[in-house]
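**Q**
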Amino acid sequence: MASEEIVEERARSTAEDGTVVTEASSASSIPSVQAAAEAVFYPLAPGYQVNVRSGPSTSSRLVKILPQNTSVAIRCQTRGETVSGPCGTTNIWDNIAPGQYVSDAYVKTGSSDFVTVRCA
Numbered sequence: 001m002a003s004e005e006i007v008e009e010r011a012r013s014t015a016e017d018g019t020v021v022t023e024a025s026s027a028s029s030i031p032s033v034q035a036a037a038e039a040v041f042y043p044l045a046p047g048y049q050v051n052v053r054s055g056p057s058t059s060s061r062l063v064k065i066l067p068q069n070t071s072v073a074i075r076c077q078t079r080g081e082t083v084s085g086p087c088g089t090t091n092i093w094d095n096i097a098p099g100q101y102v103s104d105a106y107v108k109t110g111s112s113d114f115v116t117v118r119c120a
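To convert, note that position 81 of the sequence shown is 81 in the UniProt record's numbering; the numbers rise steadily by one, no gaps.
1) Given Q68, which residues of its chain have a CB within under 8 Å of its CB, disregarding the five upstream and five downstream residues?
2) Over what stretch of residues does the beta strand (DSSP E) that includes R118 continue unbroken?
3) If contacts are defined as beta-carbon pairs under 8 Å, then R53 and Y101 qualify, I think. What distance do you get, rounded to the angstrom?
4) Using a Cβ-Cβ cut-off of 6 Å (strictly less than) and excluding sequence neighbours within five positions of V115, which residues of its own chain qualify?
5) Would you tell me roughly how many angstroms separate the C-alpha atoms of G55 and A97, rounded to the nearest one?
6) Output the distance between the C-alpha atoms of N95 and R75, rounded to the nearest integer angstrom.
7) So, helix, strand or coil for Y106, using DSSP?
8) CB E93 to CB S103, shorter than 8 Å?
9) Which of the three DSSP states is assigned to D94 in this structure?
10) I believe N91 touches G80 by the beta-carbon criterion, under 8 Å. Please report the beta-carbon distance rounded to the nearest angstrom.
11) Terminal residues of the continuous beta strand (DSSP E) containing R79?
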């Protein structure tokens with residue numbers, strides 16, 4: 001019998017470039033086995049659109065802009081340019097898809113340190 005846990009249900013969409021973003025909706029109960037197989041999503045800072053860059057720097061090419069009220073799956077994290085934002089001042093950048101980085105200063109991870117593996 002699989003234990004169940006409450007997981008925020010999200011409406012998922014996949015952009016043409018493969019980035020998965022979500023918009024929060026309601027909570028539901030699903031088996032923890034299913035939840036463990038899915039990526040962990042972190043919300044962007046409320047009220048902010050977030051620039052996605054080709055590298056961990058504000059001078060890297062702008063790839064796209066994420067809309068307000070979305071969440072991102074962090075594939076890995078790396079150090080780069082220091083950025084100040086609503087979630088603090090940090091040099092951690094989150095890789096959300098191949099060649100796509102957002103500053104952790106705009107992602108609500110609940111930590112000022114790495115929350116997943118470092119990028120290779």
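Heads up, the beta-carbon is just placed ideally off N, CA and C, and yes, glycines get one too.
**A** From the atom records:
1) For this step, residue 68 is matched to residue 68 along the sequence shown. Counting only Cβ-Cβ distances below 8 Å, and skipping sequence neighbours, we find L44, P46, G47, Y48, Q49.
2) As a first step, residue 118 is located in the sequence shown; it is residue number 118 there, counting from the start. From DSSP, R118 is part of no beta strand (DSSP E); its letter is neither H nor E.
3) Residue mapping note: residue 53 aligns to position 53 of the sequence shown, counting from 1. Residue mapping note: residue 101 aligns to position 101 of the sequence shown, counting from 1. Between R53 and Y101, the beta carbon gap of about 5 Å places them in contact (Cβ cut-off 8 Å).
4) For the purposes of this step, residue 115 is taken as the residue at position 115 of the sequence shown. So the qualifying residues of the chain are T109.
5) Position 55 of the sequence shown, counted from the start, is the residue given in the question as residue 55. Position 97 of the sequence shown, counted from the start, is the residue given in the question as residue 97. Those two C-alpha atoms are separated by around 11 Å.
6) The residue labelled residue 95 in the question sits at position 95 within the sequence shown. The residue labelled residue 75 in the question sits at position 75 within the sequence shown. Looking at the two C-alpha atoms, the distance is approximately 6 Å.
7) Stepping through the sequence shown from its first residue, residue 106 is reached at position 106. When DSSP states are grouped into helix, strand and coil, Y106 belongs to the helix group.
8) Residue numbering aside, residue 93 sits at position 93 when the sequence shown is read from its first letter. Residue numbering aside, residue 103 sits at position 103 when the sequence shown is read from its first letter. Residue 93 is actually Trp in this sequence, not Glu. Inclusion of W93 and S103 in the CB contact set at 8 Å is warranted, their separation being smaller than that value.
9) Taking the first residue of the sequence shown as 1, we reach residue 94 at position 94. Three-state result, D94: strand.
10) In the sequence shown, residue 91 corresponds to position 91, counting from 1. In the sequence shown, residue 80 corresponds to position 80, counting from 1. With 8 Å as the limit, N91 and G80 qualify as a contact, their Cβ atoms being about 6 Å apart.
11) As a first step, residue 79 is located in the sequence shown; it is residue number 79 there, counting from the start. That run of the beta strand (DSSP E) goes 76-85.
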